[in-house]
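Residues 1 to 362 (full-length UniProt numbering) are what the sequence shown spells out, left to right. What follows is a set of notes on a single structure, which appears directly below.
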Amino acid sequence: MTQEVRGVIAPGRNEPVRVARVLVPDPGPGEVVVRVLACGVCHTDLHYREGGIGDDFPFLLGHEAAGTVDAVGPGVTEVAPGDFVVLNWRAVCGRCRACLRGRPWYCFDTHNARQRMTLADDGTELTPALGIGAFAEKTLVAAGQCTRVDGSVSPAVAGLLGCGVMAGIGAAINTGGVGRGDSVAVIGCGGVGSAAVLGSRLAGASRIIAVDLDDRKLAAASGLGATHTVNSRETDPVEAIRELTGGFGADVVIEAVGRPETYRQAFYARDLAGTVVLVGVPTPEMTIELPLLDVFGRGGALKSSWYGDCLPSRDFPMLVDLHLQGRLDLDAFVSETIALDEVESAFDRMGAGEVLRSVVVL
1 MTQEVRGVIA PGRNEPVRVA RVLVPDPGPG EVVVRVLACG VCHTDLHYRE
51 GGIGDDFPFL LGHEAAGTVD AVGPGVTEVA PGDFVVLNWR AVCGRCRACL
101 RGRPWYCFDT HNARQRMTLA DDGTELTPAL GIGAFAEKTL VAAGQCTRVD
151 GSVSPAVAGL LGCGVMAGIG AAINTGGVGR GDSVAVIGCG GVGSAAVLGS
201 RLAGASRIIA VDLDDRKLAA ASGLGATHTV NSRETDPVEA IRELTGGFGA
251 DVVIEAVGRP ETYRQAFYAR DLAGTVVLVG VPTPEMTIEL PLLDVFGRGG
301 ALKSSWYGDC LPSRDFPMLV DLHLQGRLDL DAFVSETIAL DEVESAFDRM
351 GAGEVLRSVV VL
């Protein structure tokens with residue numbers, strides 16, 4: 001039976017978001033309806049509102065979410081009603097060339113629910129952000145987008161693993177391969193960059209250098225494990241990183257901004273044979289030019305991190321368990337909890353650098 005819930009939609013490019021009545025259909029084959037308990041406010045949601053990720057308005061925003069399974073469709077065996085789950089936007093297919101080669105975290109044919117949720121007022125189809133749409137009391141997703149985790153964890157914390165925190169931790173551990181004793185520099189210390197700092201500490205890095213323009217973000221990064229901070233408004237970050245690493249550069253540099261100028265900084269701030277990881281998301285018009293001789297001569301690896309190269313079924317339960325053991329401070333990312341109708345103001349606080357994450361709690 002179709003259910004009517006409240007949800008936050010972006011009605012048009014750069015228009016303020018609003019709470020609307022949304023119809024959620026019964027789950028079809030391979031689909032699940034999830035009762036959302038908490039959902040983080042991510043920069044990606046703002047990009048949707050601004051039209052930076054397409055123009056298929058109206059969007060049902062929200063994607064960093066945790067909740068309980070409300071109902072399952074035919075053929076669903078992964079989860080059952082009542083299960084506590086974290087949602088992800090990369091339900092792997094198990095059949096593409098990446099999956100068949102044992103690399104499902106690179107799945108080239110990820111999928112979402114087939115049915116669309118609609119506006120109750122006029123039946124307009126909604127486009128769920130990243131295939132999730134979790135700024136809503138309930139949402140419809142593919143079963144593979146649900147990962148069961150220990151239900152004793154706070155939903156506000158667990159939901160953040162669905163995007164930003166996982167992207168940052170995974171950029172360090174999965175993509176960057178940070179290991180014990182490594183030196184790491186993280187350029188950009190918003191939610192994703194701060195998570196990369198935390199992931200580097202978890203991996204045993206000996207020197208973790210946080211770089212940002214905002215001293216508030218640098219202070220937060222220090223609390224998450226950064227051993228040194230660099231305000232790039234005041235200091236050349238490349239020179240500072242080299243000075244802090246014996247003149248060599250860092251073993252791994254994680255770029256969490258997604259801009260040509262910061263990527264160039266990352267490229268030249270790494271040691272010879274070091275690794276650059278791009279986890280910041282650029283916009284379509286951005287380009288970069290580097291001397292090919294420098295690309296060759298410096299060696300190492302230039303990598304992009306897709307969703308922290310994570311495999312939700314492997315990584316989400318592990319990170320939740322580490323958090324519950326007191327070994328991974330995920331609470332530090334929850335700056336505030338808010339209601340559904342406060343999402344627009346949360347965008348303002350995010351843009352002003354006042355929060356790591358605002359979390360909608362339902």
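Quick reminder that beta carbons are idealized off the backbone N, C-alpha and C, glycines included.
Quick one: is M1 near chain D, going by C-beta distance under 7 Å? Of the chains in the structure shown, none is chain D; there is only one protein chain.
Q: Can you tell me which of the three DSSP states E243 falls into?
A: Three-state DSSP puts E243 in a helix.
Assign I288 to one of two classes, buried (16 or more other C-beta atoms within 10 Å of its C-beta) or exposed (fewer than that). It counts as exposed.
Can you tell me whether A195 is buried or exposed? The criterion is at least 16 other CB atoms within 10 Å of its CB, across all chains shown. Buried: at least 16 other Cβ atoms inside 10 Å.
In three-state terms, what does DSSP make of I173?
Annotated three-state conformation of I173 is helix, per DSSP.
**Report entry** Inter-residue Cα distance where the pair is V92 and E78
**Finding:** Each residue's Cα considered, the two are about 13 Å apart.
Below 8 Å CB to CB, which residues in the same chain sit around G73 once its five sequence neighbours on both sides are set aside? Result list for G73: D26, P27, G28, P29, G30, E31, V32, A143, in chain order.
Legend entry - Ordered list of beta strand (DSSP E) runs contained in the stretch 269-301, each at least 3 residues: 270-278, all fully within the stretch 269-301.
Tell me which residues share the same chain as G223 and place their Cβ nearer than 7 Å to its Cβ, disregarding the 5 neighbours each side in the sequence.
Cβ neighbours of G223 beyond the five flanking positions: A332.
Practice prompt. Tell me the start and end of each unbroken beta strand (DSSP E) in the stretch 161-234 that is at least 3 residues and wholly inside, in chain order.
Written response: Runs of the beta strand (DSSP E) lying entirely within the stretch 161-234, each at least 3 residues long, are 183-187, 207-212, 228-231 in chain order.
Thinking C-beta only, is A65 closer than 7 Å to G159?
A65 sits close to G159, with the two beta carbons spaced by under 7 Å.
Quiz item: Can the beta-carbon of I173 be found less than 7 Å from the beta-carbon of V211?
Solution: Contact flag unset, no.
- DSSP beta-bridge partners for R35? As DSSP reads the structure, R35 sits in a beta bridge with T68, K138.
Per DSSP, Q314 is paired with what?
Correcting the residue type first, residue 314 is Arg in the shown sequence and not Gln. According to DSSP, which records beta bridges pairwise, R314 is partnered with nothing at all.
V343 - containing alpha helix (DSSP H), residue span
Run containing V343: 343-351, per the alpha helix (DSSP H) assignment.
Fill in: Supposed contact pair L46 and F347 - C-beta distance, whole angstroms, cut 8 Å
Your pair F347 and L46 checks out as a contact, with CB atoms roughly 5 Å apart and the cut at 8 Å.
Q | Minimum C-alpha distance to A221 - residue among L324, H43, G190 | A | Of the residues L324, H43, G190, the one whose Cα lies closest to the Cα of A221 is G190.
- Query: Closest to D251 by CA distance: which of F57, D271, E243 is it?
  - Reply: Taking only the C-alpha atoms, the option nearest D251 is D271.
Just grab the DSSP bridge partners of E261 for me.
None; E261 has no bridge partner.
Q. For L218, which residues from the same chain have a beta carbon less than 7 Å from its beta carbon, with the 5 sequence-adjacent residues on both sides left out?
A. Same-chain partners within the cutoff: C189, A210, D212, T229, N231.
| request: Look at the Cβ atom of A10, then the Cβ atom of R49, and state whether they are nearer than 7 Å. | output: A contact, by the Cβ cut-off of 7 Å.
Within 10 Å of its beta-carbon, does E255 have 16 or more other beta-carbons around it, so buried, or fewer, so exposed? So E255 ends up on the buried side.
Q | DSSP state of R148 mapped onto helix, strand, coil | A | The three-state secondary structure of R148, taken from DSSP, is strand.
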